[in-house]
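Colleague: My questions will all concern the structure given below.
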Amino acid sequence: MIWLKRLVVVSLLCLMGVAAWLWLTMLSPWFYDRPEELPAIEQRTHQVFVYGTLRYLPVRWVVMGSSGSPKPARLEGYKRQGLDLAASAEHQVNGLLLTVTPDALARLDRYERLGIRYERVEQTLSDGTSAWVYVRLPALGQREIHSPAQGIALVTYN
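First residue of the sequence shown: 23, per the working numbering; consecutive thereafter.
What follows is the structure, given as structure tokens:
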């Protein structure tokens with residue numbers, strides 16, 4: 023019977039650890055300061071295309087506090103590389119189109135570490151809808167070259 027008590031205690035400690043990690047990562051006032059150079063979020067409804075972990079309802083509820091009324095969507099001219107996107111004229115990425123409030127967009131910005139890890143760019147989806155898309159910022163030692171015909175290419179320089 024002692025093993026059952028230990029199992030319950032260990033399970034509760036693990037659950038508390040996960041809850042603490044989620045709070046620290048997504049909701050706490052620590053570990054992310056929105057860069058001052060980013061423009062303020064417009065006070066209107068926003069459309070956001072998600073293609074990674076935010077496709078899953080439990081993650082959206084933890085991050086945004088809502089489902090975002092998801093609809094299937096497709097982004098042309100990109101391919102997935104893990105949880106990031108890479109420009110690729112012959113590929114497309116399937117995901118979800120979310121409708122979010124300014125508060126939910128701020129929470130998404132925090133989750134994606136806007137200005138630190140990702141940038142939020144406006145893209146046109148396959149159906150013609152305009153939506154925000156989180157795209158990984160280039161690593162140090164790289165710069166972006168925007169080309170309308172070829173999408174975005176990363177070029178390394180020393």
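Idealized CB from N, CA, C, for every residue including glycine.
1. Any chance you could list the beta strand (DSSP E) runs of at least 3 consecutive residues sitting entirely within the stretch 23-88, in chain order?
2. Measuring CA to CA, which of H68, L105, I63 and E58 is closest to R77?
3. For A95, report the span of its beta strand (DSSP E) as first-last.
4. Do three or more CB pairs link the stretch 96-111 to the stretch 71-86 at distances below 8 Å?
5. Assuming contact is defined by CB atoms lying nearer than 8 Å, are W154 and R135 in contact in what I supplied?
6. If you check the beta carbons only, do D131 and R66 fall under 8 Å apart?
7. Mapping DSSP to helix, strand and coil, what is L147?
8. Mark C36 as exposed unless 16 or more other C-beta atoms lie within 10 angstroms of its C-beta, in which case mark it buried.
9. Between the Cα of V115 and the Cα atoms of M23, A128, A126 and Y156, which residue gives the shortest distance?
10. Quick one: what's E141 bridged to in DSSP?
Modeller: Short version:
1. Counting whole runs of 3 or more residues, the stretch 23-88 contains the beta strand (DSSP E) stretches 68-72.
2. When only C-alpha atoms are compared, the closest one is L105.
3. That run of the beta strand (DSSP E) goes K93 to Q103.
4. Flag = yes, the stretch 96-111 and the stretch 71-86 touch.
5. Taking 8 Å as the Cβ cut-off, W154 and R135 do not qualify as a contacting pair.
6. No.
7. Coil, per DSSP.
8. C36 counts as exposed, since fewer than 16 other C-beta atoms from the protein chains shown sit within 10 angstroms of its C-beta.
9. Comparing Cα positions, the closest option is Y156.
10. DSSP lists V157 as the beta-bridge partner residues of E141.
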